[in-house]
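Everything below concerns the one structure shown next.
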Amino acid sequence: MSHKLENYLRTYRKRSALSQDEVAFLLGCQNGTKVSRYERFARKPSLETLFAYEVVFGAPARELFAGAYQKVEKKILNRAQLLTRKISRATPTPMATRKLQILEAITSGSGTGPDKLL
Amino acid sequence: MSSLPTKDIRVLALDPSTRGFGFAVLEGPNRLIDWGVKETKVNKNARSLKLIDDLIDRYQSSIVVVEDYKGKGSRRCRRIERLINDISKLASERKIKVRSISRVKIKQVFAESGAKNKYDIAIAIAKRFPELAPRLPRFRKPWMSEDYRMSIFDAVALAVAFFQPETASRDKAMREELNVQS
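Residue numbers (this note's numbering), protein chains in the order written: chain A, 1 to 118; chain B, 1001 to 1182.
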């Protein structure tokens, strides 16, 4: 599969038939310059802007910023594997077992986070 | 279609026209990523190539699809033939595969949905990708020039034809190769 694009903001904007200036207005920017930069991957939006995009396009951030998400996910998986190895080497305790369960959930991609294991 | 191993490869389809060129970027047969018309007024081929280079940079497409101007059913002027050749060269320099699809092939692909001519094909595309519906030009009368937006639909038609099973099966080896690379 090809790598995902850094973001799909342009796709979603064009699908919703909005202009860059109109999206800028919705995001609370002065004009479409920032929107253009986000779409050309020349600038990364702030957390507030990211949520604003979610609201405007009704799509989760992981879909809007699929490429960025993919990169972060890959890094986290690598780190989770390293941490798993590190914890496995230590003396087994109930706490360590719990941590390993969580790390296993992260690396298997079957819904991460401690909430799922509760 | 969906059984193909590389259904999500990103394809950039280009349709040069008198005003510049229309383009469409697809990830798989049913996901339209970007589309539009880029206009050039002077030094058309050189400027078009620069714009195409920018598009390739932005979308990092695996394959560039252009019209096979030597194929049956194609009528293109010398300038556009040269531009298509230059696009192929540019893509090869960037180590991107180029696929040429003839007009006849496009007509065959869209004949299944009852589309007989260019306008019918554009309607079929607008149905498949509703986001393009507002850009569908009105029916062209014999005395009217072709609407510039038609090149968007021509570019999408090229990409859709590329993803069709019969076209795709011939390119399976090419795609598998791309899969291995990615």
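Cβ coordinates follow ideal geometry from the N, Cα and C atoms, glycine included.
A quick note: this is a predicted structure, and the numbers were derived from the prediction, not measured.
With distances taken between CB atoms, is the gap from residue i to residue j smaller than 7 Å?
i: Ser-1092 of chain B; j: Asp-1068 of chain B; result: no
i: Ala-24 of chain A; j: Gly-32 of chain A; result: yes
i: Val-1064 of chain B; j: Leu-1012 of chain B; result: yes
i: Arg-15 of chain A; j: Glu-39 of chain A; result: no
i: Leu-26 of chain A; j: Val-56 of chain A; result: yes
i: Ser-1061 of chain B; j: Arg-1010 of chain B; result: yes
i: Leu-1083 of chain B; j: Asn-1045 of chain B; result: yes
i: Leu-103 of chain A; j: Leu-83 of chain A; result: yes
Can you name the start and end residues of the alpha helix (DSSP H) that residue i belongs to?
i: Pro-1029 of chain B; result: Here Pro-1029 of chain B belongs to no alpha helix (DSSP H), and DSSP marks it neither H nor E.
i: Ile-977 of chain B; result: Any answer about residue 977 of chain B is impossible in this case: the structure gives chain B only from 1001 up to 1182.
i: Arg-1103 of chain B; result: 1103-1111
i: Met-95 of chain A; result: 94-108
i: Asp-1057 of chain B; result: 1044-1059
i: Tyr-38 of chain A; result: 33-39
i: Asp-1154 of chain B; result: 1150-1163
i: Phe-1129 of chain B; result: Looking at the DSSP string, Phe-1129 of chain B is not in any alpha helix (DSSP H), and its letter there is neither H nor E.
Identify the continuous beta strand (DSSP E) that holds residue i and give its terminal residues.
i: Glu-1067 of chain B; result: 1063-1067
i: Ser-1017 of chain B; result: 1010-1017
Figure out for me which residue from the options has the closest Cα to the Cα of residue i.
i: Arg-1079 of chain B; options: B:Val-1011, B:Ala-1155, B:Val-1042; result: B:Val-1042
i: Leu-1158 of chain B; options: B:Arg-1019, B:Ala-1024, B:Ser-1017, B:Gly-1020; result: B:Ala-1024
i: Gly-28 of chain A; options: A:Arg-37, A:Lys-44, A:Ala-17, A:Thr-49; result: A:Thr-49
i: Glu-1039 of chain B; options: B:Arg-1019, B:Glu-1131, B:Cys-1077, B:Ile-1084; result: B:Arg-1019
i: Arg-13 of chain A; options: A:Thr-97, A:Ala-59, A:Ile-76, A:Leu-47; result: A:Ala-59
i: Ile-1106 of chain B; options: B:Asp-1086, B:Lys-1072, B:Asn-1045; result: B:Lys-1072
i: Ile-1056 of chain B; options: B:Leu-1014, B:Ala-1111, B:Glu-1081; result: B:Leu-1014
i: Lys-74 of chain A; options: A:Gly-109, A:Lys-86, A:Tyr-8; result: A:Gly-109
i: Arg-18 of chain A; options: A:Lys-4, A:Leu-5, A:Ser-36, A:Ile-87; result: Note that residue 18 of chain A is Leu in the sequence shown, not Arg. Answer by Cα proximity: A:Ser-36.
What residues in its chain sit with their C-beta under 7 Å from that of residue i, if we drop five residues either side in the sequence?
i: Asp-1008 of chain B; result: Glu-1027, Gly-1028
i: Ala-1126 of chain B; result: Leu-1132, Ala-1133, Leu-1136
i: Gln-81 of chain A; result: Thr-107
i: Asp-21 of chain A; result: Asn-31, Gly-32
i: Asp-1195 of chain B; result: This structure cannot speak to residue 1195 of chain B, because chain B is shown only from 1001 to 1182.
Leaving aside the five residues before and after residue i along the sequence, list all residues of the same chain whose C-beta is less than 6 Å from its C-beta, in chain order.
i: Phe-1163 of chain B; result: Pro-1029
i: Ser-1003 of chain B; result: With a pLDDT of 40 at Ser-1003 of chain B, under the threshold of 50, the predicted position of this residue should be treated as unreliable, and no value is reported.
i: Ser-1100 of chain B; result: Val-1066, Asp-1068
i: Val-1109 of chain B; result: Ala-1161, Gln-1164
i: Ser-969 of chain B; result: Only positions 1001 to 1182 of chain B appear in this structure, which leaves residue 969 of chain B out of reach.
Does any heavy atom of the ligand GTP sit closer than 6 Å to the C-beta of residue i?
i: Met-1150 of chain B; result: No copy of the ligand GTP occurs in the structure displayed, which carries no ligand at all.
Keeping to the same chain, check which residues put their C-beta closer than 8 Å to that of residue i; ignore five residues upstream and five downstream.
i: Val-1156 of chain B; result: Ala-1013, Ala-1024, Leu-1026, Leu-1032, Trp-1035, Ile-1125, Phe-1129, Leu-1132
i: Glu-1112 of chain B; result: none
**OP:** Pair every Cβ in the stretch 48-68 of chain A with every Cβ in the stretch 86-96 of chain A, then say whether three or more of these pairs are closer than 8 Å.
**Re:** Counting C-beta pairs closer than 8 Å gives fewer than three between the stretch 48-68 of chain A and the stretch 86-96 of chain A, which falls short of the contact rule.
Original post:
Taking three-plus beta-carbon pairs below 8 Å as touching, is the stretch 1033-1045 of chain B in contact with the stretch 1109-1128 of chain B?
Top reply: At 8 Å Cβ cutoff, the stretches do not touch.
Original post:
Between the stretch 1135-1153 of chain B and the stretch 1046-1055 of chain B, do at least 3 Cβ pairs fall closer than 8 Å?
Top reply: Look at the beta carbons and you see the stretch 1135-1153 of chain B not touching the stretch 1046-1055 of chain B: under three pairs across the two are nearer than 8 Å.
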